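Protein chains in written order, with the working numbering: chain A, 88 to 358; chain B, 57 to 323.
Beta carbons: idealized from backbone N, C-alpha and C, even for Gly.
The model shown is predicted, which means the values in this text are computed figures rather than measured ones.
To start, the structure itself, in structure tokens.
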Amino acid sequence: MRIRVTLILVAVVFLCAFLFLPLAIVFIEAFRKGLFVFMSAFSDPDALAAIRLTLLVAAIAVPFNAIFGVAAAWTIAKFNFRGKNFLLTLIDLPFSISPVISGLVYVLLFGAQGWFGHWLKAHNVEIIFAVPGIVLATIFVTFPFVAREIIPLMQAQGTSEEEAALTLGASGWHTFLHVTLPNIKWALLYGVLLCNARAMGEFGAVSVVSGHIRGKTDTVPLHIEVLYNDYNFTAAFAVATLLASLGLVTLLLKSILEWKFADNLAATHHR
Amino acid sequence: MSVSVTVRNLEKTFNQFSALRGISLEVNSGELVALLGPSGSGKTTLLRCIAGLEYQNNGSVFFGDINADQLSLRERRIGFVFQQYALFKHMNVADNIAFGLRAKRRAIRPTESAIRLRVEELLNLIQLSGLELRYPSQLSGGQRQRVALARALAIEPRVLLLDEPFGALDAKVRKDLRRWLRELHARTGHTTLFVTHDQDEAFELADRVAILNNGLIEQIGTPSQILGYPKTKFIADFVDGINLKPLKAENIRNNVIELRATSSPQG
Chain A
88 MRIRVTLILV AVVFLCAFLF LPLAIVFIEA FRKGLFVFMS AFSDPDALAA
138 IRLTLLVAAI AVPFNAIFGV AAAWTIAKFN FRGKNFLLTL IDLPFSISPV
188 ISGLVYVLLF GAQGWFGHWL KAHNVEIIFA VPGIVLATIF VTFPFVAREI
238 IPLMQAQGTS EEEAALTLGA SGWHTFLHVT LPNIKWALLY GVLLCNARAM
288 GEFGAVSVVS GHIRGKTDTV PLHIEVLYND YNFTAAFAVA TLLASLGLVT
338 LLLKSILEWK FADNLAATHH R
Chain B
57 MSVSVTVRNL EKTFNQFSAL RGISLEVNSG ELVALLGPSG SGKTTLLRCI
107 AGLEYQNNGS VFFGDINADQ LSLRERRIGF VFQQYALFKH MNVADNIAFG
157 LRAKRRAIRP TESAIRLRVE ELLNLIQLSG LELRYPSQLS GGQRQRVALA
207 RALAIEPRVL LLDEPFGALD AKVRKDLRRW LRELHARTGH TTLFVTHDQD
257 EAFELADRVA ILNNGLIEQI GTPSQILGYP KTKFIADFVD GINLKPLKAE
307 NIRNNVIELR ATSSPQG
């Protein structure tokens, strides 16, 4: 009995100190100088530009990764081929590589001194220190989220429903839309949610390729850093509440999904 | 509607393993044939090759005069019933049965009212009228199996292929379903092949039984032919109810051998 109470107490203190307190401080600091100062952080055109850019990047990266995640999961779960394990490892690569390195790779490829730098410059294509680079880096970093969520579920479900649909005369596309997709929709939504949270919050990789041009290539996390470095703490925390709220909403939706559709997510291993 | 099925010298290898080693088989139109054999004998592989779910390495399959190799899986129009039913979990019974009709190309797709009529008809046939709005998870194993059968029948298949249709059911339900399937077959007359490892099932249901072992057909014949005249030692061992008696040759004279049973029967 005493051990249990002690353990629970330790866990609660730990959670408060390392998770709840920092989150609370974000909100406390943001509102320290009142609602007016809080709101004024969002009337800054640079802040608005950062929010727009973050939304744009997520709007491209998340659907991209949803489509390719489903495609990759389909390939891995429904077919047998040589090099399947290698492909699985490759999908996990962004998890194991430091985001800063991921960003650097793109600089080495598409930067002015990079492999394709001259060609890109000659054709007037800007990737590094511009929006395309930020999108690319975000896609790379968030690639595994959807695929990783669906693969175990698809593997557990097997292929017999698809085979049944095909023998009944359905086309491949009809089978995908009416059989495969409904079977994975909650896991897909779950993956998309996590992918989106990471896409909007990604700092390291984006920081390397963005070039920090205020009002142009600063995303929300980068903008927060800029504000903080300018000793503009209240504004930094005010903008940070956006990301913190996104995290909380994601967590809430995730819990609802897990609670309501536990069966449909059952085969998914939770990180 | 139903056609004959001809299998010619079918061979199938998985990696190094020969699952089918030259199988030939004729199933007459409207006939009910059982593929019986121990696990790993190739019976399910044979069924899946006929359905088009696997591709053979050699040999061919004919539906009537049509070479099935020239038909895509869609065009084969096979009624395949899977061992674990493979019902669409997220669709109710009616939508499951209607799936094959709704999946047709628009040009040949029946109208929605015609589909509904056909579903009703099939629900009557499988004696599950009134359960059309249930989901597969709300049905018993026997009911699921019947829905799977109705779903396969909906597309008016050339041939009905059943993979261990009663394998996942308990003994009582198996017996009932067996009788029911026999009656259904008598009424609809589909050329039917079914896989089983249960010899009672095979002998009770089928017009003819093909016994497979090691990727080959050891014998094919009516139940009484097999029970009365088992062709090989394997069949005599595999099938219960066949007694092999060791015999001793006596009085070999003028090309006549007299055989006499020795004292201890075996097998």
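Original post:
Quick one: is residue 109(B) near chain A, going by C-beta distance under 9 Å?
Top reply: Put simply, the CB of residue 109(B) is near chain A, with a gap under 9 Å to one of its CB atoms.
**OP:** Return the first residue and the last residue of the beta strand (DSSP E) that residue 264(B) is part of.
**Re:** 264-269
Original post:
Taking the runs of the alpha helix (DSSP H) that are 4 residues or longer, which of them lie wholly in the stretch 153-198 of chain A?
Top reply: 171-183 and 186-197
Subject >> Bounding residues of the alpha helix (DSSP H) (the contiguous stretch that carries residue 309(B)) >> reply: Run containing residue 309(B): none in the alpha helix (DSSP H); it sits in the beta strand (DSSP E), 303-309.
Original post:
Any idea what DSSP makes of residue 191(B), helix, strand or coil?
Top reply: coil
**OP:** Quick one: which residues of the stretch 227-257 of chain A get their C-beta closer than 8 Å to a C-beta of chain B? List them in chain order.
**Re:** Within the stretch 227-257 of chain A, the qualifying residues are 247, 248, 250, 251, 252, 253, 254, 255, 256 and 257.
Subject >> Candidates 104(A), 103(A), 106(A) and 112(A): closest to residue 320(A) by CA position >> reply: 112(A)
Subject >> Residues that residue 156(B) contacts on chain A, provided the C-beta gap is smaller than 7 Å >> reply: 255 and 256
Subject >> residue 301(A) (DSSP reduced to helix, strand or coil) >> reply: Of the three classes helix, strand and coil, the one that applies to residue 301(A) here is coil, per DSSP.
Original post:
Do the stretch 196-209 of chain A and the stretch 137-151 of chain A touch if we need at least three Cβ pairs shorter than 8 Å?
Top reply: no
Original post:
Which residue or residues does DSSP assign as beta-bridge partners of residue 321(A)?
Top reply: BP columns for residue 321(A) are empty, so no partner.
Original post:
Which residue from 111(B), 115(B) and 142(B) puts its Cα closest to that of residue 128(B)?
Top reply: 111(B)
**OP:** Quick one: which unbroken beta strand (DSSP E) runs of 3-plus residues sit fully inside the stretch 214-271 of chain A? Chain order, please.
**Re:** Within the stretch 214-271 of chain A, not a single complete beta strand (DSSP E) segment reaches 3 residues in length.
Subject >> Partner residues on chain E for residue 136(B), Cβ-Cβ distance less than 8 Å >> reply: Considering every chain present, this structure includes no chain E. Its protein chains are A and B.
Subject >> First through last residue of the alpha helix (DSSP H) which encompasses residue 100(B) >> reply: Membership of residue 100(B) in the alpha helix (DSSP H) is indicated by the continuous run 99-107.
**OP:** Could you tell me which of 166(B), 287(B) and 193(B) sits nearest to residue 142(B), measuring between CA atoms?
**Re:** 193(B)
Original post:
Run through DSSP, which three-state label would residue 275(B) get?
Top reply: Residue 275(B): strand per DSSP, three-state reduction.
Original post:
What in chain A is Cβ-close to residue 211(B), meaning under 9 Å?
Top reply: Near residue 211(B) (Cβ distances below 9 Å), the residues of chain A are 254, 255 and 256.
Original post:
Listed from N- to C-terminal order along the chain, which residues in the stretch 172-205 of chain A have their beta-carbon within a distance smaller than 8 Å of any beta-carbon of chain B?
Top reply: none
Original post:
Are residue 268(B) and residue 99(B) touching if we call contact CB-CB under 9 Å?
Top reply: yes
Original post:
Who are the Cβ neighbours of residue 327(A) in its own chain at under 8 Å, not counting the five residues just before and after it?
Top reply: 113, 117 and 311
Subject >> Length of the line joining the Cα atoms of residue 118(B) and residue 62(B) >> reply: 5 Å
**OP:** Compare the Cα-Cα distances from residue 102(B) to each of 87(B), 70(B), 180(B) and 184(B) and report the closest residue.
**Re:** 70(B)
Subject >> Reduced DSSP secondary structure (H/G/I, E/B, other) of residue 122(B) >> reply: strand
**OP:** Report the three-state DSSP secondary structure of residue 298(B) (helix, strand or coil).
**Re:** Note: residue 298(B) maps to coil in three-state DSSP.
Subject >> Local Cβ density within 10 Å of residue 105(B), reported as buried at 16 or more and exposed below that >> reply: buried
**OP:** Could you tell me whether the stretch 151-162 of chain B touches the stretch 269-279 of chain A, using the rule of 3 or more Cβ pairs below 8 Å?
**Re:** no
**OP:** Check the Cβ-Cβ distances between residue 157(A) and every residue of chain B, and say whether any is below 9 Å.
**Re:** No, residue 157(A) lies away from the interface with chain B (no Cβ there is under 9 Å from its Cβ).
Subject >> Contacts of residue 129(B) in chain A (Cβ-Cβ under 7 Å) >> reply: Chain A residues near residue 129(B): 253 and 254.
**OP:** Pull up the distance between the alpha-carbon of residue 212(B) and that of residue 257(A), whole angstroms please.
**Re:** Per the coordinates, the alpha-carbon of residue 212(B) lies some 14 Å from the alpha-carbon of residue 257(A).
Subject >> Contacting residues, own chain, Cβ-Cβ under 6 Å from residue 251(B) (five flanking each side not counted) >> reply: Closer than 6 Å at Cβ, skipping near neighbours: 91, 99, 100, 103, 219 and 220.
Original post:
For residue 270(A) and chain B, any beta-carbon pair shorter than 9 Å?
Top reply: yes
**OP:** Report the partner residues of residue 252(B) according to the DSSP bridge assignment.
**Re:** Bridge partners of residue 252(B) according to DSSP: 92(B).
Original post:
Does any CB atom of chain A fall closer than 9 Å to the CB of residue 189(B)?
Top reply: no
**OP:** Check whether the Cβ atoms of residue 66(B) and residue 116(B) lie closer than 9 Å to each other.
**Re:** yes
Original post:
If you run the structure through DSSP and keep just helix, strand and coil, what is residue 149(B)?
Top reply: helix
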